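In the numbering used here, the protein residues as written are 164 to 394.
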């Protein structure tokens with residue numbers, strides 16, 4: 164948390180914090196309390212990005228097969244005490260913190276090659292002080308489908324959480340990179356299966372292979388400011 168506060172903003176006036184690491188390690192569980200802590204430290208509020216379009220709410224993480232990282236639940240209010248925002252509501256004058264998950268874009272077939280959407284519709288608008296409106300996926304019973312968009316107003320701190328959120332493409336704009344990892348792929352897989360259900364095991368196992376290849380090529384862990392084993 165301290166790094167996010169003492170380092171200068173590198174995404175326009177927004178401090179961008181990535182919470183990255185292998186699936187099943189607890190990134191989503193860390194991101195919410197981290198947002199609360201940062202908001203408390205700066206006298207601000209945690210803003211819940213508002214979904215527009217789509218059908219209903221995103222699956223909660225526990226046992227719903229909400230995707231390999233579970234962050235969709237974060238953007239739909241998994242953390243109590245947040246304030247919601249829509250384009251029709253006034254933006255509060257107090258400092259604002261938001262959490263956005265890569266699970267809102269990733270799918271089983273395309274776990275990592277969605278970055279251009281994140282750049283165009285989320286990072287670029289926020290870098291210029293604009294309101295971001297990003298098309299997202301909606302996870303239903305373990306399967307992703309188009310799910311409308313989320314709206315994110317200008318914020319003081321944006322926590323981007325999920326697999327590949329701290330990739331090299333964004334390294335120069337990060338104020339802090341947090342790496343979360345439970346050692347041992349087998350243990351992480353069992354944690355993910357316990358969370359999402361046995362039916363998701365083959366999908367989660369394939370996801371592990373894809374993310375391992377990405378991390379090896381990207382060198383994300385070596386750039387991390389903080390490494391956490393949340394157990």
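The C-beta atom is built at its ideal place from N, Cα and C for all residues, glycine as well. As the structure is a computational prediction, the values presented were derived from the model and not from experiment.
TODO: Pull up the CB-CB distance for residue 352 and residue 179, whole angstroms please, since I reckon it's below 8 Å.
DONE: In fact, because the Cβ distance is near 30 Å, the residues do not count as touching under 8 Å.
Open item on the list: Taking only three categories from DSSP, how would you classify residue 288?
Closed with: helix
Task: Rounded separation between residue 301 and residue 314 - CA only - done: 15 Å
TODO: Please work out which residues of its chain come closer than 6 Å, Cβ to Cβ, to residue 311, disregarding the five sequence neighbours upstream and downstream, and give them in chain order.
DONE: 214, 215, 216 and 217
- [ ] Please report how far the alpha carbon of residue 367 lies from the alpha carbon of residue 356, in whole angstroms.
- [x] 8 Å
Open item on the list: Classify residue 186: buried if its beta carbon has 16 or more other beta carbons within 10 angstroms, exposed otherwise.
Closed with: buried
Open item on the list: For residue 171, tell me which candidate among 281, 337 and 283 has the shortest Cα-Cα distance.
Closed with: 337
- [ ] Report all residues from its chain with a CB closer than 7 Å to the CB of residue 296; omit the five preceding and five following residues, and keep chain order.
- [x] 284, 312 and 314
TODO: Specify, as a first and last residue, the run of the beta strand (DSSP E) that residue 178 falls within.
DONE: 178-183
Task: For residue 356, the three-state DSSP class (helix, strand or coil) - done: helix
Task: Assigned exposure category for residue 376 - 16 Cβ within 10 Å defines buried - done: exposed
Open item on the list: I need the DSSP call for residue 394, collapsed to helix, strand or coil.
Closed with: coil
Open item on the list: Looking at the secondary structure, which residues open and close the beta strand (DSSP E) in which residue 214 lies?
Closed with: 213-215
Task: Nearest-angstrom Cα separation, counted from residue 264 out to residue 390 - done: 19 Å
Task: Those runs of the beta strand (DSSP E) which lie wholly inside the stretch 285-351 and span at least 3 residues - done: 295-303, 306-315, 320-324 and 337-343
Open item on the list: Based on DSSP bridge pairs, tell me the residues matched to residue 173.
Closed with: Its beta-bridge partners do not exist; DSSP assigns none.
TODO: Please list, in chain order, all residues of the same chain as residue 288 whose beta carbon is under 6 Å from its beta carbon, the five residues on each side excluded.
DONE: 295
Task: Contacting residues, own chain, Cβ-Cβ under 7 Å from residue 373 (five flanking each side not counted) - done: 274 and 275
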